[in-house]
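Asks: Take the sequence shown: its letters are residues 3 to 539, numbered as in the numbering used here.
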Amino acid sequence: MDSFAKLRQRAADVMHSIPQNMPSMPHRKGGPRTMKGTWQHVDIPPLPRSSHSLDVVEGRAYIFGGEVEPRKPVDNDMHVIALPANSAPADYYAVKAKPSPRNQPAPIAEEDETAAELRDPLTDVPLTSPPPDEPSSVASEKGKGSATAQVPCARIGHASAVIGTRIFIFGGRTSTAGSTTIDEKGRVWIFETKTNTWTYLDPYHNSPVPPARSYFAAVATDKPREFAKKPLRRAPTWKEWAEGDSAEVGIPQRPIAGSVAARATDEDEDGFGTFIIHGGCLADGGRSNDIWAFDVRSKTWKELPSAPGPARGGPALVLAKSRLYRFGGFDGKTEQGGQLDVLTLGLDEFDDQMSKGEVGIFARGGWESLVAPTPTAPPAQASEGAETGKVVPAGLDQPWPGNRSVAGMELVFGAQGREYLILMLGERNPSGSGHEAAGKFWDDVWVFQVPPVSRTAASFTDAVWRAAGRKTGEGEWTPVQTGPYDDEDELDAQGPGPRGWFASAPLGDLEEGGVVLFGGLAEDNHRLGDAWIFRLG
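#1: Just reading off the alpha helix (DSSP H) that L493 is part of, what are its end residues?
#2: Distance check for N431 and K225, CA to CA, integer angstroms please.
#3: One question on the structure: do A524 and A440 come within less than 8 angstroms of each other, judged by their Cβ atoms?
#4: Need the endpoints of the alpha helix (DSSP H) that D353 sits in, please.
#5: Beta-carbon separation of A169 and I192 under 8 angstroms?
#6: Could you pull out every residue in the same chain whose Cβ sits closer than 6 angstroms to the Cβ of A285, ignoring the five residues on either side in sequence?
#7: According to DSSP, is A417 part of a helix, a strand, or is it coil?
#8: Where DSSP assigns a beta bridge to Y422, which residues make up the other side?
#9: Go ahead and label D399 buried or exposed: buried means 16 or more other beta carbons lie within 10 angstroms of its beta carbon, across all protein chains shown.
#10: Are D45 and P91 touching if we call contact CB-CB under 8 angstroms?
#11: Can you tell me which of A322, P154, S89 and K38 puts its alpha carbon nearest to the alpha carbon of P75?
#12: Tell me whether G510 sits in a helix, a strand or coil according to DSSP, three-state version.
#13: Grab the span of the alpha helix (DSSP H) containing D272 for me, first residue to last.
#14: In three-state DSSP terms, what is P310?
#15: Quick check: P50 and L530, are their CB atoms within less than 8 angstroms of each other?
#16: Determine which residues share a DSSP beta bridge with P317 and list them.
#17: Are G281 and A219 close, meaning C-beta to C-beta below 8 angstroms?
#18: Going by the CB atoms, is the gap between K100 and Q483 shorter than 8 angstroms?
#19: Given this structure, state the Cα-to-Cα distance separating D272 from D491, to the nearest angstrom.
#20: Taking the DSSP output, what are the residues bridged to T195?
#21: Based on DSSP bridge pairs, tell me the residues matched to A220.
#22: Which of the three DSSP states, helix, strand or coil, is assigned to R104?
#23: My output table needs one value for E525: the three-state DSSP class, helix, strand or coil.
#24: Counting C-beta neighbours from all protein chains within 10 Å, is the total for H160 16 or more, i.e. buried, or is it exposed?
#25: At 3 residues or longer, and completely inside the segment 65-98: list those beta strand (DSSP E) runs for me, N to C.
#26: Excluding the 5 residues preceding and the 5 following N527 in the sequence, name in chain order all residues of the same chain whose CB lies nearer than 6 angstroms to its CB.
#27: Tell me whether N88 is buried or exposed, calling it buried when 16 or more other Cβ atoms sit within 10 Å of its Cβ.
#28: Kindly give me the distance between the Cβ atoms of L425 and F332, rounded to whole angstroms, as I take these residues to be in contact under 8 angstroms.
#29: Assuming P500 contacts D445 (C-beta within less than 8 angstroms), just tell me the rounded distance between them.
#30: In whole angstroms, give me the CA-to-CA distance for I171 and H81.
#31: Bridge partners for N431 per DSSP, in chain order?
#32: Straight-line CA distance for A84 to S102?
#33: Whole-angstrom Cβ separation of F296 and F277, contact assumed at under 8 angstroms?
#34: Looking at the structure shown, is G531 part of a helix, part of a strand, or coil, going by DSSP?
#35: What span of residues does the beta strand (DSSP E) with R157 cover, start to end?
#36: Following the continuous beta strand (DSSP E) through P481, name the residue where it begins and the one where it ends.
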């Protein structure tokens with residue numbers, strides 16, 4: 003029976019891979035745009051939760067935090083799903099939180115301890131003094147992240163993103179009531195997927211830090227990555243040039259084992275990239291519309307231009323090459339939508355003739371907004387201090403997704419390097435009881451075709467189509483007709499159904515056109531513990 007199931011799964015994989023390997027075909031002029039997608043249920047043990055995070059690294063989905071009962075964080079374990087691939091089934095396991103060995107203080111040798119005592123002999127200590135290891139009042143304050151914590155506490159409403167093989171996590175809420183916003187003074191937690199351990203980065207002492215927050219969005223880029231190399235102090239002598247590195251690595255007849263490994267460096271450990279956060283609910287009960295970028299190498303936060311429209315929690319955020327896309331959210335009264343906001347980012351570089359490298363990202367101009375075709379409705383009013391941005395109206399015949407928050411929006415790739423934003427599910431109407439009950443949710447999927455960057459195969463194809471008078475579909479939303487990945491699988495046929503407060507992530511190198519989602523909240527107010535894979539095409 004298992005062999006038959008694997009054979010059927012393999013046949014489904016082959017059939018669904020055919021459209022992905024074929025070139026994109028233009029749509030007939032004047033005809034409605036249609037796109038198709040499939041849902042596949044991932045067979046794993048149930049792990050109900052909402053308000054958690056999900057990231058995919060090298061074919062594994064990493065789930066952290068969340069709640070089963072409202073405002074009660076579940077645990078600080080990292081739950082891992084080995085996603086199905088090449089007919090291999092999914093697998094699940096949990097990793098207990100433990101710090102990276104780099105976080106631990108180096109052991110003190112006996113001779114070092116004796117020498118230290120001779121240099122600094124013991125002095126009288128008043129009996130009223132607190133013990134040396136007593137936590138400070140700042141560290142023990144409710145809602146404050148302890149400065150001595152080596153692993154992150156259980157939390158909900160945080161946000162995460164991947165740089166390299168590491169998962170970066172910021173913010174959220176904790177405590178048994180789940181109502182205390184975590185204030186860790188700008189600290190960013192890092193889960194090392196290579197070692198399944200935790201480390202963290204505290205911002206540089208003179209760096210500004212973003213306000214503590216929860217229910218916000220985060221993305222990441224691997225820029226800056228190319229850093230300046232230190233120039234040689236002096237030119238090598240003729241003898242050093244002739245000998246090369248034989249003194250360190252040996253010669254082929256007599257190699258010196260271990261010397262190369264001893265001098266090897268880990269790019270992830272050295273640090274690169276930028277972690278970006280947006281919006282969310284603040285500790286004082288308000289909401290935010292700001293954008294903050296954390297440079298991993300320099301360990302500094304920098305504020306970028308605030309997004310247009312009202313401040314909101316639960317927005318969706320995606321970074322496609324150099325463009326930051328924002329959609330939806332909840333402003334405390336209504337679900338947001340009706341426009342797709344875009345911020346173009348640039349990369350600072352330097353070249354002093356001795357060395358050159360990348361410095362950091364910056365905002366290239368202000369926000370622009372693609373507005374839904376509702377000519378009688380004015381654009382949403384910006385909150386105090388927010389940017390208004392440039393407004394670009396969409397075509398009157400263009401379909402548009404409904405307003406929503408706590409939805410999923412991810413970047414996937416199609417033929418010729420074409421990029422698509424996948425917007426799925428989310429809350430359409432809020433609950434009248436706040437976080438204690440569930441609202442009404444969407445069960446739809448939409449695709450936004452990202453305008454291609456110049457000098458790519460997609461941009462060349464679009465130029466040809468425009469010259470022929472055909473629609474390219476770029477810069478437009480298209481509803482997706484979804485169906486089962488395996489026609490004979492009952493769960494695939496059902497699909498994930500309406501939900502919000504779930505987590506999603508692109509499959510990345512595993513499948514460039516796929517997205518995995520996990521958990522969430524159903525309309526009957528129970529937490530879901532299932533996993534699904536959406537594939538475009």
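The C-beta atom is built at its ideal place from N, Cα and C for all residues, glycine as well.
As the structure is a prediction and not an experimental result, all values here were calculated from the model.
Replies: On the basis of the data shown:
#1: E492 to Q496
#2: If I take the Cα positions, the gap works out to 38 angstroms.
#3: yes
#4: From DSSP, D353 is part of no alpha helix (DSSP H) but of the beta strand (DSSP E) over Q341 to D353.
#5: According to the sequence as given, residue 169 is Ile; it is not Ala. Yes.
#6: Hits under 6 angstroms: T183 and A214.
#7: helix
#8: V414 and Q451
#9: exposed
#10: yes
#11: It is P154.
#12: helix
#13: E269 to D272
#14: coil
#15: With a cutoff of 8 angstroms on beta-carbon distance, P50 and L530 are scored as near each other.
#16: Partner(s): none; P317 has no beta bridge.
#17: Taking 8 angstroms as the Cβ cut-off, G281 and A219 qualify as a contacting pair.
#18: no
#19: 46 angstroms
#20: In the DSSP output, where bridge partners are listed per residue, T195 has none listed.
#21: According to DSSP, A220 shares a beta bridge with I279.
#22: It is helical.
#23: In the three-state reduction of the DSSP assignment, E525 falls in the coil class, being assigned neither a helical nor a strand state.
#24: buried
#25: 69-71, 80-84 and 93-97
#26: Within the same chain, N527 has close Cβ partners A439 and A440.
#27: exposed
#28: 16 angstroms between Cβ atoms; not a contact.
#29: 4 angstroms
#30: 15 angstroms
#31: K442
#32: When rounded, the separation of the alpha-carbon atoms in A84 and S102 is 22 angstroms.
#33: 4 angstroms
#34: strand
#35: First-last for R157: undefined, no H or E at that position.
#36: Boundaries of the beta strand (DSSP E) around P481: W479 to P486.
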